[in-house]
Each structure stands twice: as C-alpha cells, then as structure tokens.
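First to last, the protein sequences are chains A and B. Letter 32 of the first sequence, counting from 1, is numbered 90 in the numbering used here, and no numbers are missing. Letter 109 of the second sequence, counting from 1, is numbered 167 in the numbering used here, and no numbers are missing.
Number of protein chains: 2
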Amino acid sequence: MPETARQIADDLRARIESGELTPGDRLPGEPSLVRKYGVAKMTANQALKILVSEGLAVARPGSGTYVREFRPIRRVANDRLAKSRWAAGQSIWSADVARRPLVTDVQVHEAPAPHQVSRLLELDPGAPVIIRSRKFLVEDRPVQTATSYLPADLVRDTAIAQPDTGPGGSYARLAELGAEPVRFAEELRARMPSDEERMALNLAAGTPVIEICRTAFTADDRPVEVNQMLLDAGSYVLEYRLSS
Amino acid sequence: MPETARQIADDLRARIESGELTPGDRLPGEPSLVRKYGVAKMTANQALKILVSEGLAVARPGSGTYVREFRPIRRVANDRLAKSRWAAGQSIWSADVARRPLVTDVQVHEAPAPHQVSRLLELDPGAPVIIRSRKFLVEDRPVQTATSYLPADLVRDTAIAQPDTGPGGSYARLAELGAEPVRFAEELRARMPSDEERMALNLAAGTPVIEICRTAFTADDRPVEVNQMLLDAGSYVLEYRLSS
DNA sequence: GAGTGGTCTAGACCACATC
DNA sequence: ATGTGGTCTAGACCACTCG
C-alpha cells in the first residue's frame with residue numbers, strides 16, 4: 059500500500075482540525091506511528107514532515123512534534139500611517155500591538171542606492187541613500203525585518219541618519235524637513251523564505267513570508283522613503299481600507 | 059558526512075540564483091546526482107524535494123525537475139474597485155490583466171450564513187445569504203478562487219442570484235438596488251494551502267496562498283458583500299495605495 | 001540513560017513521460 | 001523501451017532533550 063506517509067499525515071491533520079489535538083499538544087512520535095501503522099521509521103518521519111511543511115506542526119528535536127500555535131498581530135495599514143499617530147510622537151506600531159515591540163539590530167549607513175530603490179525614489183542610478191535596517195521582536199519573537207532607504211541629500215544631517223530617530227520616528231523628522239509623507243503605495247508579495255530569511259525571523263519550516271515594499275510620497279508627489287519589509291506570515295493579519 | 063541533502067540543495071540553489079540555471083531549465087536528475095555526489099537515490103530525491111518545497115523548482119514526474127517560472131499578475135486594489143471601472147460595464151479584472159480571465163465553476167445558491175459571514179454582514183446568525191463561488195483562470199492556469207456572500211433579502215430576485223450578473227458585475231447591480239458599495243475593507247493572510255486548496259488552484263508544492271476577506275460597505279456604512287478570495291501567491295503582486 | 005527527531009544507505013517497485 | 005520522480009523498507013548512527 060503506497061501513499062502511506064500521506065495517509066498518516068491525513069489522519070493526524072484530521073485530528074488537529076477536529077480539535078482533538080489542540081495547539082501546543084504533542085503529536086504521536088515516530089516510534090508510536092511505526093507500531094500503529096506498521097511502517098518503517100522513515101515513513102513515519104516523512105508523515106510528520108508533511109505536517110511541518112504545511113505549517114500545521116513544529117518539530118522539536120529531542121522532544122517531539124507539536125501542533126503549532128498562532129497568535130497573529132493585526133496590522134491595519136491605514137491606521138498605522140495616519141498622521142495623528144506619529145505626529146503625537148507615537149510609534150506607528152502602537153496601532154498593531156498593545157505592547158511596543160522591541161527594536162533590535164538597528165543599523166544605519168550611507169551607500170549608493172540599489173537599482174530598484176533609485177527607480178522608486180526617482181534618483182539617479184547609484185545616488186547616495188541613507189539605509190536604516192532593523193528587526194522587530196514581539197513577545198521575544200522576531201516577527202519582522204525592515205530596511206528603509208531615504209535620499210541622503212535630504213536626511214544626511216538629521217536624526218534619521220542616527221540609530222534613534224526620536225519621538226514620532228523618521229516620519230516626524232521628515233515633516234520637520236518640509237517633506238511630510240502623506241501618500242503611500244504598498245506592494246505586497248507572499249513567498250517561501252530563503253534560508254537566510256528563515257534564520258533572521260527564526261521561522262519554522264513551512265512558514266511563508268510576506269514581503270512589503272512601501273514608498274512614501276509628499277503632498278507634491280515626491281517619493282521620500284522606500285521601506286522594504288519582511289513579515290513572518292504566521293504572525294500577521296493585514297488590513298487595508300479603501301474607498302472608491 | 060551528514061547534511062548531504064541540504065548541501066546538494068545549496069549547490070543547486072546557488073546555480074539557480076547565479077543565473078547559470080534559468081527559469082524553465084531542467085535540473086540534474088536523481089541518477090546524475092547519485093553519481094556526482096556518491097549518495098543514495100533517496101538522498102538525491104530529498105535534495106530535489108528541498109528546492110521544490112522552497113518554491114524554487116517544480117517536479118514533473120516522468121520528465122524531470124525544472125526551475126520554476128514566475129509571471130505575477132499585478133492586482134491594484136484601489137484601481138480595481140474604482141467606480142469608474144464597473145460603472146462603465148467593465149470587469150474589475152480589467153485593471154489586473156490585459157486579457158480578461160476565464161471565469162469557471164460558477165455556482166450560485168442560497169444558504170444560511172456561516173458564523174463569521176453573518177457577523178461581518180451584521181446579519182442575524184444563520185440569516186439567509188446568496189453564495190456565489192467561482193474560479194478564475196489566466197492563460198489557462200487557475201490563479202484564484204472566490205466566494206461572495208450577499209444578504210439574500212437584498213439580492214434574491216436580481217441578476218446577482220444568477221450565474222451571469224451582467225455588465226459591470228454584481229457591484230453595478232447593487233448600485234441599481236440603491237446599495238452601491240463605496241468603502242471596502244480587505245483583511246489579508248498568507249499561509250500554506252490545505253490539500254484541497256492546492257488541488258483547486260493546481261499549486262506546486264511549496265507555493266503559499268494569500269487569503270483575502272473583503273467586506274464592501276455602502277455610503278451609509280451598511281455591509282452588503284463579503285468576498286472570500288484565495289490567490290496563488292506565486293501568481294500575484296498586490297498593490298495598495300493609501301493616504302494619511 | 002531513554003526517548004526524540006534528523007539523516008543516511010542500498011535496495012526495491014510503481015506510474016508516468018518521452019522517444 | 002528507457003528514464004524520470006515518488007515512495008517504501010529495514011537497518012543504522014547522530015545530536016539533542018528530558019527526567
């Protein structure tokens with residue numbers, strides 16, 4: 059009887075979806091599946107791998123395989139970019155989570171703009187930009203990385219070129235420079251992460267990422283920031299509000 | 059030397075990312091990997107499976123494993139919902155692809171609203187709704203499924219309850235009923251598909267899906283439609299425009 | 001130390017695609 | 001008819017966790 063691994067996975071999946079096994083529960087281990095289904099150990103292993111690759115379970119070597127837990131962050135694009143937030147000195151994150159996330163691995167440097175960035179910022183190819191990259195932790199788990207690009211000629215001597223951008227963040231600083239961002243375009247993709255990205259976000263196998271590229275424009279349609287974000291898809295629900 | 063499968067996968071990935079192997083190319087087969095690396099056939103198989111699960115390659119049984127090809131559809135949320143489109147009798151799809159997609163598997167029926175839908179439509183639990191489900195093909199490939207829910211009391215005797223909703227689609231019909239949708243909220247998640255969903259969209263292993271739940275509101279903030287969509291993530295780039 | 005998942009081997013059979 | 005990926009077996013060793 060081939061197709062055994064899939065069938066075992068189907069059985070376990072059904073038990074998860076029926077609620078018999080709830081998030082955090084330990085799944086039957088390989089030896090127990092070998093006994094129950096009379097298959098080779100490797101077949102049992104592959105059955106469990108199927109669930110892991112579907113994002114339904116997480117394997118913890120030396121311990122067991124567990125039903126995965128979800129607790130998505132709600133990210134409301136419109137609210138978080140509302141001027142009222144950052145103008146009041148708040149982080150745009152205050153719209154997403156009650157507790158402000160930990161920002162780590164902040165790196166700021168100046169370099170020539172990558173191809174695509176210079177196009178989006180309407181700069182000459184290779185023009186200098188300030189590059190701010192950082193990582194966000196919520197409840198000790200990395201959920202997002204972000205890299206912002208801003209025209210160096212505009213922000214070089216401001217707090218934006220410092221690790222700490224001050225109250226209200228870089229948008230408040232841009233406003234002070236007469237380059238207040240009022241319009242935004244977000245371009246969004248979902249895909250599987252590279253190994254590097256999986257490492258950076260500490261992702262379980264079988265978790266996709268959401269890639270967002272946001273360009274911020276001033277009232278006279280000048281692009282002043284490109285922000286390239288990478289989200290752990292399992293940690294997020296995104297919301298957008300539109301009117302026709 | 060353990061870790062062999064990963065290393066083989068790393069080698070192949072590097073050759074893909076360097077451009078030595080381009081989309082559509084055939085990867086070295088299992089027998090050739092067995093010879094080159096001196097490993098068991100199953101190890102070679104697993105190495106190829108890693109690339110497939112990362113979405114970088116597609117296996118075609120009996121033929122070979124190939125570098126995957128991408129040709130995303132650009133879906134601009136704002137444009138497609140603009141009244142000017144559907145008011146002119148166009149499909150909202152005309153914003154996304156030059157050639158109108160094929161709509162198949164259209165099914166319309168009336169049934170009690172599922173929990174979440176009745177909540178979003180602000181209906182009594184179990185109130186009757188018209189359910190329209192359909193699938194969209196672009197260039198013969200299924201790229202999206204969609205299921206709409208509309209209050210049955212509002213649309214029961216209109217073209218919306220028919221498979222063909224006429225020029226401009228259901229939004230034009232809603233407008234004729236004095237329930238023109240002018241505001242929309244889209245809630246978006248990315249995840250790995252279930253087997254069922256993988257089947258429906260004919261997805262390669264390692265391809266995530268994007269789940270969008272859109273609620274349409276009238277000018278007086280009455281919800282009149284909930285549309286639950288499932289997109290093949292590899293076939294789409296989504297764009298949202300916002301202003302603060 | 002016992003149990004866990006992770007990985008590998010060397011062989012086997014199958015269904016399928018391509019020629 | 002040949003070659004392909006898909007899957008299975010039965011055994012093995014490893015690194016890890018947990019009590």
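Glycine included, every Cβ here is placed at the ideal spot set by N, Cα and C.
- In the pairwise beta carbon analysis, the stretch 166 to 184 of chain B is classified as not touching the stretch 89 to 108 of chain B: fewer than three pairs are separated by under 8 Å.
- Residue contact with chain B for Phe-242 (chain A): present (Cβ-Cβ distance below 8 Å to some residue of chain B).
- 8 Å or more divides the Cβ of Leu-212 (chain B) from the Cβ of Ala-230 (chain B).
- The beta-carbon of Asn-285 (chain B) is placed no less than 8 Å from the nearest beta-carbon of chain A.
- In the DSSP assignment, Met-287 (chain A) is bridged to A:Ala-204, A:Ile-270.
- Listed in chain order, the non-local C-beta contacts of Val-110 (chain A) below 8 Å within the same chain comprise Val-116, Ala-117, Thr-123, Ala-262, Ala-263, Gly-264, local neighbours out to five positions each way being set aside.
- Contact check between the stretch 276 to 292 of chain B and the stretch 201 to 221 of chain B: three or more CB pairs, one atom from each, fall below 8 Å, which counts as touching.
- CA-CA distance, Ala-258 (chain B) to Asp-279 (chain B), rounds to 34 Å.
- For the options A:Ile-268, A:Gly-82, A:Trp-144, the alpha carbon positioned closest to that of Ser-302 (chain B) is the one of A:Trp-144.
- Between the alpha carbons of Arg-126 (chain A) and Pro-119 (chain A) lies a distance of about 15 Å.
- DSSP, read as helix, strand or coil, puts Pro-225 (chain A) in coil.
- Contact holds between the stretch 218 to 226 of chain A and the stretch 131 to 147 of chain A, because three or more Cβ pairs, one in each stretch, are under 8 Å apart.
- Taking CB atoms only, Ser-206 (chain A) has no neighbour in chain B less than 8 Å away.
- Taking 8 Å as the cut-off, the Cβ atoms of Pro-159 (chain A) and Val-134 (chain A) do not count as close.
- Assignment of beta-bridge partners to His-167 (chain B) by DSSP yields B:Ile-189.
- Here DSSP, grouped into helix, strand and coil, assigns Thr-123 (chain B) to strand.
- Against chain A, the beta carbon of Leu-300 (chain B) has neighbours under 8 Å at Ala-135, Asn-136, Leu-139, Arg-241, Phe-242, Ala-243, Glu-244, Tyr-298, listed in chain order.
- Per DSSP, reduced to three states, the secondary structure at Pro-89 (chain B) is helical.
- DSSP places Ile-66 (chain B) inside the alpha helix (DSSP H), whose first and last residues are 62 to 75.
- Residues of the stretch 256 to 281 of chain A whose Cβ lies closer than 7 Å to any Cβ of chain B, in chain order: Gly-264, Pro-266, Ile-268.
- In the three-state DSSP reduction, Ala-258 (chain B) falls in the helix class (H, G or I).
- For Glu-254 (chain B), the closest Cβ of chain A is not nearer than 8 Å.
- CA-CA distance, Tyr-207 (chain B) to Ala-277 (chain A), rounds to 38 Å.
- In chain A, no part has a C-beta under 9 Å from the C-beta of Gly-120 (chain B); the shortest such distance is about 16 Å.
- Taking a Cβ-Cβ cut-off of 9 Å, the neighbours of Val-295 (chain B) in chain A comprise Glu-245, Leu-246, Arg-247, given in sequence order.
- Counted as a single uninterrupted DSSP element, the alpha helix (DSSP H) harbouring Ser-176 (chain B) occupies residues 173 to 178.
- When secondary structure is reduced to three states using DSSP, Glu-297 (chain B) falls in the strand class.
- Distance from the CA of Thr-162 (chain A) to the CA of Ala-102 (chain A), rounded to the nearest whole angstrom, comes to 40 Å.
- Taking the Cα of Thr-80 (chain B) as reference, the smallest distance to any Cα among B:Glu-88, B:Arg-71, B:Lys-107 is reached at B:Arg-71.
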